[in-house]
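K.L.:
What the sequence shown shows, in this note's numbering, is residues 21 to 254, in sequence order.
All C-beta atoms in this analysis are idealised placements derived from N, C-alpha and C, irrespective of residue type, glycine included.
Handing you a structure now.
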Amino acid sequence: MILINLLPPELRRSRSTGVNPVLLAAAAGIAIVLTCAGTWAWVEMSRIKTAEATLAQLDEDLIAATARADKVRAIDKEIAAFEALHGTITSLITRKVFWARTLDEFASLLSQQGENRWTREGYEVRCTGLTIAPIAATQARGKAAAGETVSYSFRASFKIVGEQRDQAGDYVQSFFQSVDLSRFWREHGFVGHAEDPFRGDTPRMVADIGRVVTDLPLEWRRVKVLVVPQGGAK
Numbered sequence: 021m022i023l024i025n026l027l028p029p030e031l032r033r034s035r036s037t038g039v040n041p042v043l044l045a046a047a048a049g050i051a052i053v054l055t056c057a058g059t060w061a062w063v064e065m066s067r068i069k070t071a072e073a074t075l076a077q078l079d080e081d082l083i084a085a086t087a088r089a090d091k092v093r094a095i096d097k098e099i100a101a102f103e104a105l106h107g108t109i110t111s112l113i114t115r116k117v118f119w120a121r122t123l124d125e126f127a128s129l130l131s132q133q134g135e136n137r138w139t140r141e142g143y144e145v146r147c148t149g150l151t152i153a154p155i156a157a158t159q160a161r162g163k164a165a166a167g168e169t170v171s172y173s174f175r176a177s178f179k180i181v182g183e184q185r186d187q188a189g190d191y192v193q194s195f196f197q198s199v200d201l202s203r204f205w206r207e208h209g210f211v212g213h214a215e216d217p218f219r220g221d222t223p224r225m226v227a228d229i230g231r232v233v234t235d236l237p238l239e240w241r242r243v244k245v246l247v248v249p250q251g252g253a254k
């Protein structure tokens, strides 16, 4: 059967030869979904996994570096402790005052070896008591120009025994002069003069020995200036 369209051309329905829009939209949607899925899979399987591996490696490196830093800090603490100990020991050594040679020189002075003139001037000197002690910081005379000082008290009791009663004062003055000139006094840090603590004497005749005896208690001061070692502890 033949159908003939008798409508004028402008009223006739034209045949569509294009693509179905519904199918086109569906295809575009599928393409977008596949593209997003592919992009997600690439990011998930490649970039994120790589970043996670890199992060894990960095965490391990951080732990190792922290452990090394802890060791370094521990060594620094040990070094600081040793430096503090070294400073303490150095300070103690610096503050130490040696007495062996000083006492030897004192014994030589009393035994009239060397520079004194006691025998030829007719008298003898005996030490009947000796006390050595550090002077408390509150009693010290402060600091010398070159640094801090350590002071010691050298307390001695002497007996001067002479032949002539009227020369007792001369014996005492001669004794002080001999001490001032001795190595014991000049080389061991004693301050001032030997007669500085002298406040007078009371000579007395002892009939049993036929000699004049003068008791002479004295207290001298020995000072050591502390020199801080070069590059000392902080």
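Here's the rule I'm using: 16 or more other beta-carbon atoms within 10 Å means buried, otherwise exposed. How should Phe126 be labelled?
P.N.:
Per the 10 Å Cβ criterion, buried.
K.L.:
Find the nearest neighbour of Arg185 within the set Phe210, Leu54, Pro223 and Pro154, judged by alpha-carbon distance.
P.N.:
Measuring from the Cα of Arg185, the nearest candidate turns out to be Pro223.
K.L.:
Between Arg146 and the rest of its own chain, which residues show a CB-CB distance below 6 Å, the 5 nearest in sequence each way excluded?
P.N.:
Result list for Arg146: Lys179, in chain order.
K.L.:
Just to confirm my understanding: we take Arg203, look at its own chain, exclude 5 residues before and 5 after, and list those with CB closer than 6 Å. What are they?
P.N.:
The answer, listed in chain order, is Glu125.
K.L.:
Within 10 angstroms of the Cβ of Arg241, are there 16 or more other Cβ atoms? Answer buried if so, exposed if not.
P.N.:
Burial call: buried.
K.L.:
Can you tell me the Cα-Cα spacing of Ala51 and Glu72, whole angstroms?
P.N.:
So the two alpha carbons sit approximately 30 Å from each other.
K.L.:
Please report the distance separating the alpha-carbon of Glu80 from that of Thr74.
P.N.:
Roughly 10 Å between the two C-alpha positions.
K.L.:
Which runs of the beta strand (DSSP E) at least 3 residues long sit entirely within the region 160-223? Give them in chain order.
P.N.:
List check, beta strand (DSSP E) in window: 169-182.
K.L.:
Given 8 Å as the limit, is there contact between the region 227-240 and the region 171-178, that is, 3 or more CB pairs closer than that?
P.N.:
Because the criterion of three Cβ pairs below 8 Å is met, the region 227-240 and the region 171-178 touch.
K.L.:
Within the same chain, show all residues whose beta-carbon is closer than 8 Å to that of His208, passing over the 5 residues directly before and after it, in chain order.
P.N.:
So the qualifying residues of the chain are Arg121, Thr122, Glu125 and Arg242.
K.L.:
I need the DSSP call for Leu236, collapsed to helix, strand or coil.
P.N.:
In this structure, Leu236 counts as strand in the three-state DSSP scheme.
K.L.:
Have a look at the DSSP bridge pairing and note the partners of Ile152.
P.N.:
DSSP lists Phe174 as partners of Ile152.
K.L.:
Which same chain residues end up closer than 7 Å to Arg140 when comparing Cβ atoms and leaving out the 5 residues on each side of it in sequence?
P.N.:
Once the five neighbours on either side are set aside, Arg140 has no close Cβ partner at all.
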